[in-house]
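All remarks here apply to the structure that follows.
2 protein chains.
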Amino acid sequence: MPTMKDVARRAGVSVSTVSRVISGSDRISAATKERVRAAMKELGFHPNAIARSLASKTAGTIGLVVSRSPENAFANSFFPEVIRGIGSVLSKHGYYLLLIMTDDPEVERAQTLAALRSRRVDGAIITSSRVSDTLFRHLVDEKQKFVLIGRVLDDLPVSYVDNDNVKVGYMATRHLIEAGYRRIAMISGDPQYIVSLDRIEGYKKAISEAGMEFRKEYLVNAGFTREAAEEACQKLLALDQPPDAIFAADDTMASGAVRAILKSGLRIPEDVGVIGVNDDPLASMMRPALSTVRIPVFELGVWAARILMDLLSDGETVPRQMVLPGTLVVRESSSTRGLFSA
Amino acid sequence: MPTMKDVARRAGVSVSTVSRVISGSDRISAATKERVRAAMKELGFHPNAIARSLASKTAGTIGLVVSRSPENAFANSFFPEVIRGIGSVLSKHGYYLLLIMTDDPEVERAQTLAALRSRRVDGAIITSSRVSDTLFRHLVDEKQKFVLIGRVLDDLPVSYVDNDNVKVGYMATRHLIEAGYRRIAMISGDPQYIVSLDRIEGYKKAISEAGMEFRKEYLVNAGFTREAAEEACQKLLALDQPPDAIFAADDTMASGAVRAILKSGLRIPEDVGVIGVNDDPLASMMRPALSTVRIPVFELGVWAARILMDLLSDGETVPRQMVLPGTLVVRESSSTRGLFSA
DNA sequence: CTGTTAGCGCTTTCAC
DNA sequence: GTGAAAGCGCTAACAG
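Which chain is which? The protein sequence lines are V and A, in order. Under this note's numbering, think of the first position of the first sequence as 4, with each following residue one higher. Under this note's numbering, think of the first position of the second sequence as 4, with each following residue one higher.
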């Protein structure tokens, strides 16, 4: 492979001149610029990114850590959407994306640290936030640049972009109440994730605000899988006073609940209302079409990337935090109850 | 950040010695090894990956090019599954994954070439194969290392891993025939992708093999989207002699067909049978549950990565090509027709 | 506007 | 077993 040296020789200039035309310096005569360009072309020269990185001390790459945890369930479209958002920003800045994704949380953690410490990446976007995780503290201590999609419980100075999950839970529950349902249960996700806790909080808030009583038997955990949700829903329906509406913490779980309800011979939304969260493609394809709270995943990616870019360029040091709202999407699984009971 | 030089000074050895303990050379006394390790720890030293790459002339990273084309529709699980497969192999070899994914095919192409030429990646796995694409020819000419998931039409010497799409089309169609359907239509994907052509070929083969007549009005193109498939299916149902079964080139399109059929008041599978391809999560969640041909996406990723590793290590030069079979998965949307007509 | 000269941090002969 | 020295290919002062 030809190097800058070869190009320089061929064009009859020095390597710094070649370097300058590559980086688009302005103080270069049009003539030499042309000559160098020609030489590069003739030799089929392409600058070596590794050498550039070493000399310029920037990798030009940022890491994306995607937990394969059920939190970002792969049946839904979180993953491609968030990448699309991130990519739309990074490509403008000429950054590449290094993907860190593994089945093993320990390996994930190790690889994230390694990539950052070895300066293989200039910064990272991390998409998981467990309740107890010391990774962030380490990263902060080491002054690594990163942005979290999610949030932290303690007051660590980290930048993050989150959707307002308390509000998401509130909106979903509130909608069911307004639609006329009165015994509203929640099928929650794995409580080791902050997102789960937040949505539960929103659920409770809406319940109490409506003057309803919070029943602990109406709050069940199904760990973000469809099967667990179906089972959990069966149990709910078998209660002495079964719920007349289900708020599932995501659409996949909602689909499990729908299945349990239909199997038991009840109708949706007449007998039982259902609402999920995410608005993944599944939601609109289901029958009945699923009401849900849409999460702006693409936007989460965009903002995470923007904030990281700022962190990297400005040397900005105060953490920035953003919270994006969800949107209620009413479909068949909940909308008409009001009509029936009214 | 401390460098090897700092470690060397602290341990009272030379940099080459430090380098040796890092790379795990054996001709190092246990004592110095210990001393160096201690020094690294005390200083919080982590080797700089970029510098290593420059000196060793390997990036330690491979590129994954994912077309956001409808071919790998994002409603389905192709993307995460193939990455999971690739990752399971790469992590064993200590390689990282650089993700190249953009909305614009031209940008995608440019970035792929740039990453390879700049030696930012040692090789690439490419997941799209359009009928007319000169990218592969360029890559071959430049002796770049890459593996294709898909296949090429001409006899370019490229390594690839593909699923046997002719057979996939054949199996799906054949199943419908055996289930008792007699007027079988196909809703095909975008014909600019080789995968589409192959599945059509399989469809035709099964039709003619069964002594049925191929009707061109039964073969329609719906470009891999659900909406287009729904519309296409409506038109099929409006024919003078409407089909009694639909083979859709993927599950997403099949879901569109299902919708059109149910809307028209027909029953599935009694009046019309439906089968898709992929077996993404959607298929089992739909009602009626969708029959489909499962594609071994994880395995495609595994093999692509394995072959690429061989290409990179052995300096292997003869292209390797693999074809993986699909599996028929019979569910509610097609299984019982035989019983009715029998 | 362009060339000279040091590095960037690590690997790798080649000696001893 | 360990060290010295020469790069890997590029960037970035500093001169001029």
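From the three backbone atoms N, C-alpha and C, an ideal C-beta is built for every residue, glycine too. Keep in mind that this is a model prediction, so the values were computed, not measured.
- Using a Cβ distance threshold of 8 Å, V:V280 and V:I271 do not count as a contacting pair.
- Annotation for A:N224: the continuous beta strand (DSSP E) segment containing it runs 222-224.
- Of the candidates V:S32, V:F149, V:D107, V:F149 places its Cα closest to the Cα of V:T320.
- Assigned with DSSP and collapsed to three states, A:L119 falls in helix.
- Chain-order list of chain V residues neighbouring A:T295: empty, with the shortest C-beta distance near 15 Å, by a criterion of under 8 Å.
- With the rule of 3 Cβ pairs closer than 8 Å, the stretch 278-295 of chain V does not count as touching the stretch 218-227 of chain V.
- When Cβ-Cβ separations below 8 Å define contact, A:H96 makes no contact with chain V.
- Inter-residue distance for A:V326 and A:G304 is about 12 Å (C-alpha atoms, whole angstroms).
- In chain order, S121, R122 make up the part of chain A whose C-beta sits under 7 Å from the C-beta of V:N51.
- For A:G90, the neighbours in chain V by C-beta distance under 7 Å run, in chain order, M104, T105.
- Taking each of V:G205, V:S22, V:A58, V:L93 in turn and checking the Cα distance to V:Y173, the smallest one comes out for V:G205.
- Beta bridge pairing from DSSP links V:D165 with V:V326.
- Within the stretch 197-238 of chain A, complete alpha helix (DSSP H) segments of at least 4 residues are found at 197-212, given in chain order.
- Listed along the chain, the chain A residues whose CB falls inside 8 Å of the CB of V:I86 are L102, M104.
- For A:A62, the nearest CB of chain V lies under 8 Å from its own CB, placing it at the interface with that chain.
- Spatial neighbours of V:E111 in its own chain (CB-CB distance under 6 Å, excluding positions within 5 residues in sequence) are listed in chain order as T105.
- Secondary structure of V:L102 (DSSP, three-state): strand.
- Cβ-Cβ distances below 6 Å link A:I210 to F217 in the same chain, with the five nearest sequence neighbours on each side left out; the list follows chain order.
- For A:A42, no CB of chain V lies under 8 Å from its own CB, so it is not counted at the interface with that chain.
- For V:I65, the closest of V:A54, V:R334, V:Q324, V:L93 by C-alpha to C-alpha distance is V:L93.
- Contact annotation: in the stretch 16-35 of chain A, no residue has its CB less than 9 Å from a CB in chain V.
- Contact note: A:A54 reaches chain V through L57, using a C-beta cutoff of 7 Å and chain order.
- The contact set of V:F82 on chain A, defined by CB atoms closer than 8 Å, consists of F82, P83 in chain order.
- The shortest CA-to-CA distance from A:D167 to any of A:S26, A:P299, A:D136, A:A14 is the one to A:P299.
- Distance from the Cα of A:Y99 is smallest, within the candidate group V:I128, V:S91, V:A118, V:F82, for V:A118.
- Secondary structure remark: continuous beta strand (DSSP E) runs of at least 3 residues inside the stretch 125-163 of chain V, in chain order: 126-129, 149-152.
- In the DSSP assignment, V:A41 falls within the alpha helix (DSSP H) that extends over 33-46.
- Taking a Cβ-Cβ threshold of 7 Å, none of the residues of chain A is close to V:L159; the smallest such distance is about 20 Å.
- Checking the DSSP bridge columns, you'll see A:R262 has no partner listed.
- For the 8 Å CB-CB criterion, V:V198 and V:G268 do not form a contact.
- The beta carbons of A:S191 and A:L222 sit closer together than 8 Å.
- Taking a cut-off of 8 Å on C-beta distances, the stretch 127-144 of chain A does not touch the stretch 233-247 of chain A, as fewer than three cross pairs fall below it.
- Within chain A, the residues placing a beta-carbon under 7 Å from that of V:L285 are L285, M288, ordered along the chain.
- Burial is judged here by how many other beta carbons sit within 10 angstroms of a residue's own beta carbon; V:M7 has at least 16 and is buried.
- Of all residues in the stretch 183-205 of chain A, none is placed with a Cβ closer than 9 Å to any Cβ belonging to chain V.
- Under the DSSP definition of a beta bridge, V:V277 partners with V:I249.
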